[in-house]
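Every number in this note's numbering is 10 more than the matching position in the sequence shown, counting from 1. Here a beta-carbon is modelled for each residue, glycine too, at the ideal position from N, C-alpha and C.
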Amino acid sequence: MNCRNFSIAQYWENKIKNWQPLLSFKGNGKSDWESWQKDAYARLLDLLGEFPEKVQPNAEVEYSIEDGDLIRERVVFDSEEFMSVPCQVLRPKTMKADKKNAAILCSHGHGAYGKDVVAGIRSSAGHENEIKTLNYNYAEQMAKSGFLTITPDLRVFGERRDGSDPFPGRDACNVNFIKGAILGIYTLTLNIWDMKCCIDYLETRPEVDPSRIGMMGLSQGGTMTTFTSAVDRRIKAADIIAYVNPWAEFGIKRANFCGSQIVPEIYKYFDTHDIAGLIAPRPLLLEMGIYDNCFYIQDLLKGYEGVKKIYAAAGEEDRLHTDIFPGPHAFSGNKAFEFFKKYL
11 MNCRNFSIAQ YWENKIKNWQ PLLSFKGNGK SDWESWQKDA YARLLDLLGE FPEKVQPNAE
71 VEYSIEDGDL IRERVVFDSE EFMSVPCQVL RPKTMKADKK NAAILCSHGH GAYGKDVVAG
131 IRSSAGHENE IKTLNYNYAE QMAKSGFLTI TPDLRVFGER RDGSDPFPGR DACNVNFIKG
191 AILGIYTLTL NIWDMKCCID YLETRPEVDP SRIGMMGLSQ GGTMTTFTSA VDRRIKAADI
251 IAYVNPWAEF GIKRANFCGS QIVPEIYKYF DTHDIAGLIA PRPLLLEMGI YDNCFYIQDL
311 LKGYEGVKKI YAAAGEEDRL HTDIFPGPHA FSGNKAFEFF KKYL
């Protein structure tokens with residue numbers, strides 16, 4: 011008698027038992043890496059679909075105030091027709107407007123407060139708790155360490171959320187993914203576009219050297235750092251915090267992602283380590299907490315091994331760094347400061 015199955019969860023797990031993404035890196039040497047990188051980069055751009063058309067950003071600094079040793083600014087610009095991006099920009103009070111300083115684009119994760127906690131805004135007990143639990147204010151920490159930082163709200167988060175619970179009982183990321191998908195527009199692609207527009211804006215800042223721009227982010231911010239750094243080579247160094255691990259585990263088995271973090275067919279062609287591997291030969295830091303209960307350490311280590319193979323084939327092993335720390339799903343802060351000081 012046939013062994014019948016009615017479970018859709020079991021169906022997906024059966025489908026991926028021997029799954030091999032079509033463009034997952036399988037080579038060894040530099041020529042294999044060069045050929046793969048060219049094909050993989052083109053395919054990733056194809057999967058993301060069309061980016062929006064450029065518009066004049068009309069960037070506006072809505073306020074600029076002293077906050078301890080920092081200057082804190084609220085900056086708003088247009089990224090496309092019908093869409094604007096609110097950001098926090100931080101810099102040391104002593105930073106000169108001489109186009110010689112490094113900048114870091116800091117992306118928030120899938121939390122309740124969007125950019126604000128990453129930029130160190132503490133306007134409620136909830137903000138304070140997220141900052142403490144996740145060591146989440148890395149944009150503020152990096153600014154205090156000497157960098158100019160910019161932290162935007164991703165679409166569907168913070169000021170771009172359409173209220174605290176726009177679709178009761180449903181994840182707003184998933185609803186907006188479906189809305190866009192029927193138009194052939196994906197929220198991940200739109201967020202990558204907004205990150206690219208942040209880089210455009212950084213290049214206009216009087217303090218910033220356009221050749222010294224990095225990116226970092228935790229969790230969904232790690233997703234954004236992975237994909238944006240793979241696509242936009244103006245990012246010279248990247249810190250991916252708690253993200254790179256196999257789709258089969260966190261994606262298929264645990265469904266631990268949202269519509270803002272995928273595009274159709276992504277796992278048909280790539281695992282997450284392949285996308286992170288497209289950052290090579292640029293410097294990359296992978297942070298992994300051994301008590302992470304969102305992305306498990308055994309899975310993060312598998313992701314690292316995949317990225318390591320790509321960097322080794324490229325001959326750039328010394329540019330791949332890890333920070334494996336005894337902590338939870340959070341920013342470690344152990345190696346990121348020196349990493350960015352060295353490479354930016």
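Note down the Cα distance separating L294 from A340, rounded to an integer number of angstroms.
-> Their Cα atoms are separated by approximately 18 angstroms.
Spatial distance of L212 from A324 (CA atoms) | The straight-line gap from Cα to Cα measures roughly 29 angstroms.
Determine the contact status of L144 and S270, defining contact as a CB-CB distance below 8 angstroms.
-> no
Would you give the residue range spanned by the beta strand (DSSP E) that V86 belongs to?
-> L80 to E90 is the span of the beta strand (DSSP E), which, as asked, contains V86.
For P205, which three-state DSSP category applies?
-> It is Met, not Pro, that sits at residue 205 in the sequence shown. Reduced to three states, the DSSP call for M205 is helix.
What is the DSSP secondary structure of S221, counted as helix, strand or coil?
-> strand
Taking C-alpha atoms, which residue in Q230, V86, C207 and G194 lies nearest to D305?
-> Sequence check: residue 305 is Phe here, not Asp. When only C-alpha atoms are compared, the closest one is Q230.
Would you please state the rounded distance, in angstroms, between the beta carbons of C183 and T197? I believe it to be under 8 angstroms.
-> Right, the Cβ-Cβ distance comes to about 7 angstroms (below 8 angstroms), so this counts as a contact.
Which whole runs of the alpha helix (DSSP H) in the segment 229-256 are 4 residues long or more, in chain order?
-> 230-241
According to DSSP, residues forming a beta bridge with D175 = DSSP, once it has assigned bridges, lists no residue as partnering D175.
Run of the beta strand (DSSP E) containing E76, from where it starts to where it stops | E76: member of the beta strand (DSSP E) spanning E70 to D77, first to last residue.
Burial state of F177 (16 or more Cβ within 10 Å) = exposed
Sequence ranges, alpha helix (DSSP H) only - wholly within the segment 263-316, length at least 4 | 276-279 and 282-287
N303 to Q66, Cα distance in whole Å?
-> In this model, N303 and Q66 are separated by some 42 angstroms (Cα to Cα).
Ends of the alpha helix (DSSP H) at N139?
-> A135 to L144
Option in E140, L115, G316 and L311 with minimal Cα separation from Y123 = Nearest option by C-alpha distance: E140.
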